[in-house]
Amino acid sequence: MGSIRFENSGKTYGNGPGAFLALEGVTLDVADKEFVAIVGPSGCGKTTCLRMVAGFESVTSGRVLVNGKDVVAPGPDRAVVFQQFALFPWKTVEENIEFGLRNKNVPKGERRDLVQGALALMGLESHASAFPHQLSGGMQQRVAIARAYVLDPAVLLMDEPFGALDAQTRVVMQEELVRLARVQPRTVLFITHGVEEAVYLADRVAVMTRRPGRIKEVIDVKSVRTGEKWDDLERIEDVMDTESFVHLRTQIWKSLREEKIAAN
Amino acid sequence: MATEASAVGLDRNQRTDEKAVSASVAGRKLPGRSKWRKMLARPPVISALSVAAVLLIWFAATSWFQLAPAGRFPTPQEFWSSLRQSLFAGYAGGTLVGHVWNSLRLVVIGFACAFLTGVPLGLLMGSSRTAEAVINPIFSLMRPIPPLAWIPLAILWLGLGSAAKVMVIWLAAFVPSVINSYTGVRGIDKSLIAAARMLGTPRGRMIGEVIVPGALPLIFTGLRLSLQAAWTTLVAAEMVGALTGVGFVLNVAQQDIYPSMILVGMLTVGVLGWSTTWALAVVERRMLARWPQGRS
Ligand SMILES: Nc1ncnc2c1ncn2[C@@H]1O[C@H](COP(=O)(O)OP(=O)(O)OP(=O)(O)O)[C@@H](O)[C@H]1O
Ligand SMILES: [Mg+2]
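Quick note, the sequences are listed as chains A and B, same order. The opening residue of the first sequence carries number 1 in this note's numbering; numbering runs sequentially from there. The opening residue of the second sequence carries number 1001 in this note's numbering; numbering runs sequentially from there.
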């Protein structure tokens, strides 16, 4: 069970004359098991939104709620997948995945089963005792996703998780994430620069305005996805070729373009 | 210079060519000359040759051609007899082994004190802004004082015995440990700290499994510098005021105008410094086996 609620949330960095208004009046609801992607011009405050849900930044106006409670500090109920993976270099893949479970005082036997499950889920069995630097970027991000998933978090927060990967690996990871979302649906807040990625992955796509960021519009993808039976198509390029996909992509693209033009 | 560099460059190219050729014929029929060259090019062989060359120059300059003024610069034979004298008959109130034991003991104690206080202090300064604000001004003021400037006060307070020397060594070795541990913590990738917080890491585990491991490579850099500082300071302190130790041997030998014994003292310090550094490197390699840089 996990829901996220931005209630007129704002964020000002610093204070006094150097204060910097990054977000203003952000309102957005993410329902339980819903996958919402946020797109927006660079510097509009997407990362700030996510960091407020994670508890790394506090709101300076309005509220941010997870499961109806104000966020006060970071915690394992809100797992984050970072763009730069952020795996502990001195821990093996297995130890990285296990770390959060140890912090939650999960008993040893149960911990082993959960880690095995997470390794299998992400296809990492043969790399269990490797160190992160011995893996490719795509593999490292799989570990980071496994580390987040294994905690069974209320919400999963991903900030451009595939931004550091090459194009081919990114496609594989996108397909993987869709598969994961089918096997183990979670509440996900996903930030990306890629409009196609957002449409392919998300149930809804929120478009943000330029700075100070607010939610400009929210586009429903899920009804189109189910109506047009995208899930029956195995590969990402088949989905992206459908007329309905192209239509949605163009709609979001235009909306974003307006913001970018206005910013210049 | 330029021609020399290009000649070396040419030689390198040739060698890679040879490698390619020998690989293509499965390494058979290597010409004898390049086999020799390959063997001589191995680092341990080069090192041994370099030591041999220095010995040779030493012999040549002193015993054989007497280029260095006799009585000022010892011959290898004089050195050898002084070494035997210090080892078996004793010099400056004891045998060399006794002096070494006393010096080594002081360095180890002083270094251990610096390690046990400096590293935690550096870690604390690195992880808490408040601690940094409290400690930094005092530390910044003490830091530029050369450790040797503490000797008068140390002797005044603690006399000519071991305690004063341990104190001075401690102060000298303390600084690099603090600075590097501090820098190590500050250099930890911010996203790793964020990840640890997100994973609900309790405070003790945060220090033990995130901050210390994250700073460990630099902690070891600090310890290496601390060890070096400990030896430097010890010898200086023993030369100023002591009744035993390698620095004391140097001091007495100077007063006796005994160059070959001075050389014995100097080389003893060299060997001691080198072997303790080596021991620390062994520990470092073991501890850092899990770190990306440590394995490459
Ligand atoms: N700690 C901070 N202190 C001051 N200003 C900040 C801080 N973090 C972010 N900002 C500013 O707030 C604004 C929003 O930053 P944020 O990182 O949330 O944008 P973003 O939408 O994620 O950008 P990008 O698409 O480039 O990742 C930016 O203009 C940034 O410079
Ligand atoms: Mg960002």
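Idealized CB from N, CA, C, for every residue including glycine.
Check the DSSP bridge columns for A/Thr192 and list the partner residues they point to. For A/Thr192, which the question treats as bridged, DSSP gives no partner whatsoever.
Endpoints, the beta strand (DSSP E) within which A/Arg5 is located: Per DSSP, A/Arg5 belongs to the beta strand (DSSP E) from 4-13.
Does the stretch 1222-1240 of chain B come close enough to the stretch 1072-1087 of chain B that 3 or more CB-CB pairs lie under 8 Å? With the cut-off at 8 Å, the stretch 1072-1087 of chain B and the stretch 1222-1240 of chain B do not touch.
Taking Cβ positions only, does A/Gly163 come closer than 8 Å to chain B? No - not a single Cβ of chain B is within 8 Å of the one on A/Gly163.
Using three-state DSSP, classify A/Leu165 as helix, strand or coil. Here A/Leu165 sits in coil by DSSP.
Opening and closing residue of the beta strand (DSSP E) in which A/Ser61 lies: Element bounds for A/Ser61: 61-66.
Report the start-end ranges of each alpha helix (DSSP H) in the stretch 1072-1157 of chain B that is 4 residues or longer and not cut off at the edges. Here the runs fully enclosed are 1076-1084, 1096-1127, 1129-1142.
For the stretch 137-153 of chain A against the stretch 84-104 of chain A, are there 3 or more C-beta pairs whose distance is under 8 Å? Yes, the stretch 137-153 of chain A touches the stretch 84-104 of chain A.
Between which two residues does the beta strand (DSSP E) carrying A/Arg204 extend? Where A/Arg204 is concerned, the enclosing beta strand (DSSP E) stretches over 204-208.
Close beta carbons around B/Val1168, own chain, < 7 Å, minus the five adjacent residues each side: If we look at B/Val1168 and ignore the five residues flanking it on each side, its Cβ neighbours are Pro1147, Trp1150, Ile1151, Ala1154, Thr1233, Ala1237.
Looking at chain A, which residues of the stretch 1202-1214 of chain B have a Cβ within less than 9 Å of any of its Cβ atoms? Listed in sequence order: Pro1202, Arg1205, Glu1209, Val1210, Pro1213, Gly1214.
Taking 8 Å as the threshold (beta carbon to beta carbon), is B/Ser1191 in contact with chain A? Closer than 8 Å to some Cβ of chain A, the Cβ of B/Ser1191 qualifies, so yes.
Bridge partners for A/Leu157 per DSSP, in chain order? Partner(s): A/Val80, A/Leu189.
Measure the C-alpha to C-alpha separation of A/Ile97 and A/Lys108 and round it to an integer number of angstroms. Their backbone Cα atoms lie some 13 Å apart in a straight line.
Considering only heavy atoms of ligand 2, list every residue whose Cβ is less than 7 Å from one of them, following chain order. Every residue passing the under-7 Å Cβ criterion appears here: A/Lys46, A/Thr47, A/Asp159, A/Glu160, A/Ile191.
Between A/Asp29 and A/Arg5, which are expected to be in contact by the criterion C-beta below 8 Å, what is the C-beta distance as a whole number of angstroms? Contact between A/Asp29 and A/Arg5 holds: their C-beta atoms lie close to 5 Å from each other, under 8 Å.
Hey, would you say A/Ile252 sits closer than 8 Å to A/Val199, going by beta carbons? Yes, the pair counts as a contact, with Cβ atoms nearer than the cut-off.
Check whether the Cβ of A/Gly14 sits closer than 7 Å to any heavy atom of ligand 1, and report yes or no. Yes; taking the cut-off as 7 Å, the Cβ of A/Gly14 has a heavy atom of ligand 1 nearer than that.
Expressed to the nearest angstrom, what Euclidean distance is found between the alpha-carbon atoms of A/Thr226 and A/Asp220? When only Cα atoms are considered, A/Thr226 and A/Asp220 end up about 11 Å apart.
Is the closest heavy atom of ligand 1 to the C-beta of B/His1099 under 7 Å? Checking the Cβ of B/His1099 against ligand 1 gives no.
For the candidate residues B/Ile1138, B/Gly1098, B/Thr1062, B/Ala1114, whose alpha-carbon lies nearest to that of B/Gly1265? Just measuring C-alpha positions, the residue of B/Ile1138, B/Gly1098, B/Thr1062, B/Ala1114 sitting nearest B/Gly1265 is B/Gly1098.
Would you check whether ligand 1 has a heavy atom nearer than 7 Å to the C-beta of A/His193? At least one heavy atom of ligand 1 is nearer than 7 Å to the Cβ of A/His193, so yes.
Mark A/Ala19 as exposed unless 16 or more other C-beta atoms lie within 10 angstroms of its C-beta, in which case mark it buried. Exposed.
CA-CA distance, A/Ile215 and B/Val1134? Those two C-alpha atoms are separated by around 44 Å.
Would B/Gly1200 pass as an interface residue toward chain A - the criterion being a Cβ-Cβ separation below 8 Å? Chain A places a beta carbon closer than 8 Å to that of B/Gly1200, counting this residue as a contact.
Among A/Ala144, A/Trp90, A/Asn8, which residue has its Cα nearest to the Cα of A/Val115? Residue A/Ala144 is the option with its Cα nearest to A/Val115.
Give the DSSP bridge partners of A/Ala37, in chain order. Its beta-bridge partners are A/Phe190, A/Val205.
B/Trp1157, buried or exposed, once every other Cβ within 10 Å from all chains shown has been counted against 16: Exposed.
Return the chain-ordered list of same chain residues with a C-beta closer than 7 Å to the C-beta of A/Pro74, the five sequence neighbours on each side being excluded. For A/Pro74, where only same-chain residues beyond five positions count, the Cβ hits under 7 Å are Ala54, Gly55, Phe56.
With a threshold of 16 other CB atoms inside 10 Å of the CB of B/Pro1144, please say whether the residue is buried or exposed. B/Pro1144 counts as exposed, since fewer than 16 other beta carbons sit within 10 angstroms of its beta carbon.
What does the alpha-carbon distance come out to for the pair A/Val205 and A/Leu157? Using only the alpha carbons, I get a separation of about 15 Å.
Would you say the beta carbon of A/Arg211 is closer than 7 Å to some non-hydrogen atom of ligand 1? Checking every heavy atom of ligand 1 against the Cβ of A/Arg211, one is found closer than 7 Å.
Please classify A/Asn15: is it buried, with 16 or more other beta-carbons within 10 angstroms of its beta-carbon, or exposed? Under the 10 Å beta carbon count, A/Asn15 is surrounded by fewer than 16 other beta carbons and is classified as exposed.
Compare the C-beta of A/Lys69 with all C-beta atoms of chain B and state if any pair is closer than 8 Å. By this cut-off, A/Lys69 is not an interface position.
Below 8 Å between beta carbons: does that hold for A/Lys11 and A/Thr60? The answer is yes: Cβ separation under 8 Å.
What is the DSSP secondary structure of A/Val72, counted as helix, strand or coil? Taken through DSSP and simplified to helix, strand or coil, A/Val72 comes out as coil.
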